[in-house]
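Heads up: the structure comes next, in structure tokens.
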Amino acid sequence: MTLTKVHIFATAIALAILLLGVTYASLNLVKPDPPAYCGGVVGISTESKYEYYEEHPGFSIFNNNCTSCHDMHRTVIAPPLKDIFYRRDPAWIRAAIINLEAIKSGSDNYVITTENKYSNIPHPAHNFSHEKLDTLMDYIKLFSPVTEEKGEHIFQENCSVCHAVHRITVGPALKYVYKNRDSIWVNNAILNFNAMVQEGDPTAVRIYEQFGRIQHPTHRFNKLELSCIKKYLESMERPQASD
Ligand code: HEC
Ligand code: HEC
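The sequence shown: position 157 = 215 (the working numbering), numbered continuously.
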């Protein structure tokens with residue numbers, strides 16, 4: 059090889075390494091996936107006014123501050139934040155974003171909500187304005203959508219031993235319960251039916267007598283979970299094959 063040939067060869071190798079490096083770096087940028095369920099590939103929760111999650115103003119806040127450690131759907135360095143609104147109170151999530159270390163060292167007795175263990179790197183504190191935090195919270199909430207499927211799951215796990223949708227079993231059929239009664243009344247009934255009986259709510263007392271004075275179990279659902287139950291039961295109001 060002449061000296062020029064060696065030069066050209068060396069330059070070509072250097073360029074190839076550079077190109078590989080750039081490709082690798084761009085592949086490595088973590089981009090959050092669209093939510094796996096809820097109305098199509100790019101669709102987000104049906105309650106949202108945005109058609110694409112990238113349109114949400116919280117998208118860039120999340121990308122700039124969280125994606126180095128968090129993905130919505132899979133574990134990166136930190137737990138996925140999909141469905142976090144089912145696992146934690148909104149007030150807790152806000153506090154965690156601002157200063158999770160304070161929660162971990164405080165009286166909360168912090169336990170990670172997913173099964174995996176995470177590295178012991180300290181969680182960064184964030185000094186967001188109220189508006190910025192609201193926007194970010196609203197964005198993260200897109201990944202905890204209210205769905206019929208979730209409602210059905212909750213129903214099967216917690217209600218189906220005593221309730222069927224279409225027929226009376228131990229308790230009343232729940233198909234038209236949101237049509238026949240006020241949503242707040244139904245939510246209260248789910249959370250603590252006995253308290254309503256004790257307070258003398260006439261409808262609650264009548265059903266209680268009718269169904270043989272069974273003590274209704276209490277439940278600790280958050281608003282999202284209650285909305286899922288509602289969405290599921292309302293979806294059953296549509297004509298079904300089993301009708
Ligand atoms: C340097 C990495 C890192 C960054 C950046 C980061 N987090 Fe975290 N986050 C973690 C780790 C690790 C955990 C798991 C708990 C722990 O070990 O501290 C966690 C836990 C959380 C939790 C609690 C999850 C649960 O299930 O208990 C929330 C909520 C959270 N992070 C939100 C955010 C948000 C929102 C941002 C961006 C504003 C962010 N984090 C930025 C690393 C990070
Ligand atoms: C241990 C049995 C049992 C379980 C579990 C149970 N229920 Fe009930 N439920 C009843 C009975 C029985 C009644 C009738 C009132 C009474 O006797 O307490 C009732 C009444 C109700 C009512 C009022 C119905 C109406 O016509 O207004 C609602 C709403 C309701 N249940 C929802 C639920 C939901 C949702 C779940 C699950 C999250 C659930 N219940 C779990 C037994 C149960």
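Positions of the beta carbon are idealized from the N, C-alpha and C atoms, including for glycine.
Just so it is clear, the structure is predicted and the values come from calculations on it, not from any experiment.
Quick one: using the 10 Å Cβ neighbour count with 16 as the cut-off for buried, is residue i buried or exposed?
i    : result
V228 : exposed
K237 : exposed
I333 : Because residue 333 is not part of the residues shown, which for the chain are 59 to 301, the question remains open.
P203 : buried
Y111 : buried
D129 : buried
G209 : buried
V100 : Bear in mind that a pLDDT of 31 at V100, under 50, signals an unreliable position, so the number given afterwards is only what the model happens to contain. Exposed, since its Cβ has fewer than 16 Cβ neighbours within 10 Å.
K140 : buried
A221 : Going by the sequence as given, residue 221 is His instead of Ala. It counts as buried.
I102 : Only weak support exists for where I102 lies, its pLDDT of 44 falling under 50; the value from the coordinates is given anyway. Result: buried.
F251 : buried
H114 : buried
K288 : buried
A149 : exposed
A94  : Bear in mind that a pLDDT of 36 at A94, under 50, signals an unreliable position, so the number given afterwards is only what the model happens to contain. Classification of A94: exposed, given that the 10 Å Cβ count is below 16.
Between residue i and residue j, which are expected to be in contact by the criterion C-beta below 8 Å, what is the C-beta distance as a whole number of angstroms?
i    : j    : result
C286 : I212 : 6 Å
E206 : Y290 : 5 Å
V219 : L232 : So it is not a contact: roughly 13 Å between Cβ atoms.
Relative to the alpha-carbon of residue i, which residue among the options has its alpha-carbon at the smallest distance?
i    : options                : result
H131 : L200, V204, I179       : L200
G280 : N246, F251, Q256       : Checking the displayed sequence, the identity of residue 280 turns out to be Asn instead of Gly. Considering only alpha carbons, the answer is N246.
G270 : N250, A262, T276       : A262
I265 : E292, A253, P230       : P230
H188 : I155, R278, Q268       : I155
P180 : S163, L282, K233       : S163
T172 : E159, A136, D147, H184 : A136
T276 : C127, E215, A253, H128 : A253
R239 : H221, N157, N178, P260 : P260
N185 : V169, A153, N178, Y168 : A153
A183 : N123, K288, H274, Q268 : N123
D147 : R296, D166, E215, E295 : D166
Y176 : V235, R225, P138       : P138
I142 : H65, N216, I170        : I170
I248 : Q268, H274, I66, R225  : H274
C217 : N157, T69, P297, L284  : L284
V235 : V134, M294, T69        : M294
I272 : R225, R278, V255       : V255
When you measure from the CB of residue i to every non-hydrogen atom of ligand 4, does any distance come out below 7 Å?
i    : result
T227 : Ligand 4 is absent from the structure shown, which contains only ligand 1 and ligand 2.
With a threshold of 8 Å, are at least 3 pairs of Cβ atoms found where one atom belongs to the stretch 188–198 and the other to the stretch 114–131?
Judged by Cβ distances under 8 Å, the stretch 188–198 makes contact with the stretch 114–131, as three or more pairs qualify.
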